[in-house]
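Quick note on numbering: the numbering used here labels position 197 of the sequence shown as 346, and the sequence is numbered without any gaps.
Positions of the beta carbon are idealized from the N, C-alpha and C atoms, including for glycine.
Worksheet: the structure to be examined is printed underneath.
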Amino acid sequence: MSGKLNNPIWVMSSAYEKLSLDELVTTSKEVGAQGIDLCVFRKDGTREDHTATHLDYENFSPDSARVLIEKFNQAGLGLSLGAFENMIGGDPAERIKNQNHLLRLIRIAHLLGGDANDVRVGTFVGYNHKLGNEIDGFQKNLDEYKRVFEPIVNYAESLGVTIVYENCPMEGWRSSRYSSTYNNLPAVLAARKLMYALIPSKAHGEIYDPSHDIWQNTNPVEVIENMDITRLKRIHVKTTRNLKTTARVEWGGMYAMQHVDESLASLAGVTIPKHDWDRHHYEAMLPGFGGTDHMDWNDFVAVLHRRGFNGPFEIENEAKNSKDTGNIHATNQGFANCIRFLSPLLWDLDSDKGYAFKSTKELVFPSLKDVPEVTIDQL
Numbered sequence: 150m151s152g153k154l155n156n157p158i159w160v161m162s163s164a165y166e167k168l169s170l171d172e173l174v175t176t177s178k179e180v181g182a183q184g185i186d187l188c189v190f191r192k193d194g195t196r197e198d199h200t201a202t203h204l205d206y207e208n209f210s211p212d213s214a215r216v217l218i219e220k221f222n223q224a225g226l227g228l229s230l231g232a233f234e235n236m237i238g239g240d241p242a243e244r245i246k247n248q249n250h251l252l253r254l255i256r257i258a259h260l261l262g263g264d265a266n267d268v269r270v271g272t273f274v275g276y277n278h279k280l281g282n283e284i285d286g287f288q289k290n291l292d293e294y295k296r297v298f299e300p301i302v303n304y305a306e307s308l309g310v311t312i313v314y315e316n317c318p319m320e321g322w323r324s325s326r327y328s329s330t331y332n333n334l335p336a337v338l339a340a341r342k343l344m345y346a347l348i349p350s351k352a353h354g355e356i357y358d359p360s361h362d363i364w365q366n367t368n369p370v371e372v373i374e375n376m377d378i379t380r381l382k383r384i385h386v387k388t389t390r391n392l393k394t395t396a397r398v399e400w401g402g403m404y405a406m407q408h409v410d411e412s413l414a415s416l417a418g419v420t421i422p423k424h425d426w427d428r429h430h431y432e433a434m435l436p437g438f439g440g441t442d443h444m445d446w447n448d449f450v451a452v453l454h455r456r457g458f459n460g461p462f463e464i465e466n467e468a469k470n471s472k473d474t475g476n477i478h479a480t481n482q483g484f485a486n487c488i489r490f491l492s493p494l495l496w497d498l499d500s501d502k503g504y505a506f507k508s509t510k511e512l513v514f515p516s517l518k519d520v521p522e523v524t525i526d527q528l
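So this is what it looks like as structure tokens:
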């Protein structure tokens, strides 16, 4: 035995938005996963990409929790919850709905055992560009983050639940006619350190996705070296291939490609964005599926193991050659091949099975009374 950590590999359910929960469980087992990060987006939300809703969040009860725990234990799978929206900016009415939905998911996670069952709640923070355009705009966003999230984190802590932020900048969340592509506060390590200083509670932490740092010319290994490792609860498995385009030469790799008048761009022979996400000259990939990328997974996993990370690696399939094909078979192949790619890095060698995950800890049925839903104005 090599003594590797026994990290489980999970599926993020956003890639399977058309599957029912039962179909999702079956498919996750078939591709070789040990758990599912269940996306539970608002059914009336405004996001149009990479969303799914795999729980009936409006009628979730302790009995619902028991049924769900039984289903996942029978399948030998772990689980978490997540919905990734703008909590501090954007349309004010939508913002409140997003905050209330996060509170709803915290309650559901509590009924599912919360931290005791490693059921975390994933979220974005978002960004308030009205404040951001003012002088000291980043500090004002930090202040707004504290105002909004301090009562939410305290509520989560009271229920034994940890919130986890993903570091995606959401660079295409607004029109490419805006100059800035910084649309989610925890997109860089400095921001996350500042957030934890503002709210010291241990009831919030992070999901780290290295693919977002690759196109920002930041080494994910160094990010892991410099973070508070106790805050890290999940790794998103996704990677990036930086494109060798004329646009990268023209606009550089530091700032976003900008939208200008099309006739002027044509006259000058300058590339402009084809769509809102076409700003930073990269392509999302899955490791081990369809070619090489710009990520050293050996070094990345090694530093995680050295620093003691033993949580799930969650595959977030947004790859152009897998999920984005719209072909369910290509989507499944992407997940299965990614798991094969990761297995020698994460699991020990078994004489009968090859590289194999040892076991999944069963979810415990919590002895809890129901708690009522709360809304942000009540906190």
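Specify the secondary structure class of residue i as computed by DSSP and reduced to three states.
{"i": "ALA340", "result": "helix"}
{"i": "PHE396", "result": "Looking at the sequence shown, residue 396 is not Phe but Ala. In this structure, ALA396 counts as helix in the three-state DSSP scheme."}
{"i": "PHE190", "result": "coil"}
{"i": "ILE158", "result": "strand"}
{"i": "SER151", "result": "For SER151, the predicted model reports a pLDDT of 43, less than 50, meaning its position is unreliable; a value from the coordinates is still stated below. Coil at SER151, not helix or strand."}
{"i": "PHE462", "result": "strand"}
{"i": "TYR206", "result": "helix"}
{"i": "ILE525", "result": "helix"}
{"i": "HIS278", "result": "helix"}
{"i": "TYR345", "result": "helix"}
{"i": "GLY263", "result": "helix"}
{"i": "VAL419", "result": "coil"}
{"i": "THR509", "result": "coil"}
{"i": "LEU517", "result": "coil"}
{"i": "GLU234", "result": "coil"}
{"i": "THR474", "result": "helix"}
{"i": "SER328", "result": "coil"}
{"i": "SER500", "result": "coil"}
{"i": "SER163", "result": "helix"}
{"i": "ALA352", "result": "coil"}
Should residue i and residue j be called a contact, given that it needs their Cβ atoms to be closer than 8 Å?
{"i": "LEU173", "j": "HIS203", "result": "yes"}
{"i": "LEU512", "j": "ASN156", "result": "no"}
{"i": "ALA182", "j": "ILE488", "result": "yes"}
{"i": "GLY238", "j": "GLY275", "result": "yes"}
{"i": "GLU355", "j": "ARG390", "result": "no"}
{"i": "VAL270", "j": "ILE255", "result": "yes"}
{"i": "MET236", "j": "VAL297", "result": "yes"}
{"i": "ASN476", "j": "PHE438", "result": "no"}
{"i": "THR272", "j": "TYR314", "result": "yes"}
{"i": "MET406", "j": "ALA396", "result": "yes"}
{"i": "LEU230", "j": "TYR304", "result": "no"}
{"i": "PHE506", "j": "TRP496", "result": "yes"}
{"i": "PRO349", "j": "ARG341", "result": "no"}
{"i": "HIS430", "j": "LEU381", "result": "no"}
{"i": "ASN332", "j": "MET344", "result": "no"}
{"i": "GLY184", "j": "PRO515", "result": "no"}
Less than 7 Å between C-beta atoms, sequence neighbours within five positions excluded: which residues of the same chain meet that for residue i?
{"i": "ALA164", "result": "ASN466, LYS472, THR480"}
{"i": "MET376", "result": "LEU338"}
{"i": "ASP362", "result": "PRO369, VAL372"}
{"i": "ARG326", "result": "HIS408"}
Taking the alpha helix (DSSP H) that residue i belongs to, which residues open and close that run?
{"i": "ARG215", "result": "211 to 224"}
{"i": "VAL313", "result": "Premise fails: VAL313 lies in the beta strand (DSSP E), 312 to 315, not in any alpha helix (DSSP H)."}
{"i": "HIS454", "result": "446 to 455"}
{"i": "LEU254", "result": "241 to 260"}
{"i": "GLU306", "result": "286 to 307"}
{"i": "ASN481", "result": "477 to 495"}
{"i": "SER177", "result": "170 to 180"}
Does the ligand ADP have even one heavy atom less than 7 Å from the beta-carbon of residue i?
{"i": "LYS295", "result": "Here there are no bound small molecules, and the ligand ADP is not part of this structure."}
Please go through the same chain and pick out, in chain order, the residues whose beta-carbon is closer than 6 Å to the beta-carbon of residue i, but skip the five residues on each side of it.
{"i": "VAL370", "result": "ASP448, PHE449, VAL452"}
{"i": "LEU260", "result": "PRO211, ALA214"}
{"i": "LEU170", "result": "HIS203"}
{"i": "ARG456", "result": "ILE378"}
{"i": "PRO493", "result": "TYR504"}
{"i": "SER360", "result": "LYS387, THR388, THR389"}
{"i": "SER151", "result": "Because SER151 carries a pLDDT of 43, less than 50, the predicted location of this residue cannot be relied on, and no value is offered for it."}
Following the continuous beta strand (DSSP E) through residue i, name the residue where it begins and the one where it ends.
{"i": "ILE378", "result": "Here ILE378 belongs to no beta strand (DSSP E), and DSSP marks it neither H nor E."}
{"i": "SER360", "result": "Careful: SER360 lies outside any beta strand (DSSP E), inside the alpha helix (DSSP H) at 360 to 363."}
{"i": "THR200", "result": "First-last for THR200: undefined, no H or E at that position."}
{"i": "GLU320", "result": "GLU320 -> no beta strand (DSSP E), and no H or E assigned at all."}
{"i": "ARG269", "result": "Neither: ARG269 is in no beta strand (DSSP E) and is coded neither H nor E."}
Check each candidate in the options and name the one with the smallest Cα separation from residue i.
{"i": "ARG383", "options": "ASP205, ASP358, GLN288", "result": "ASP358"}
{"i": "ARG323", "options": "GLU234, SER169, ALA433", "result": "GLU234"}
{"i": "ASN290", "options": "ILE301, GLY231, VAL297, ASN277", "result": "ASN277"}
{"i": "SER508", "options": "ALA414, ARG397, SER328, GLY225", "result": "GLY225"}
{"i": "GLY503", "options": "PHE514, LEU491, LYS510", "result": "LEU491"}
{"i": "GLU463", "options": "ASP186, GLU219, GLU179, ASP442", "result": "ASP186"}
{"i": "GLY281", "options": "SER328, ASN366, ASN486", "result": "SER328"}
{"i": "HIS408", "options": "THR395, LYS393, ASP425", "result": "ASP425"}
{"i": "SER307", "options": "ARG196, ASP240, VAL372, ALA258", "result": "ALA258"}
{"i": "GLN365", "options": "THR330, ALA265, ILE348", "result": "THR330"}
{"i": "THR394", "options": "ALA265, THR311, PRO422, GLU197", "result": "PRO422"}
{"i": "ASN470", "options": "ASP501, SER500, LEU435", "result": "LEU435"}
What does a CB cutoff of less than 8 Å around residue i pick up in its chain, not counting 5 residues either side in sequence?
{"i": "ARG191", "result": "THR202, ALA232, GLU234, LYS246, ASN247, HIS250"}
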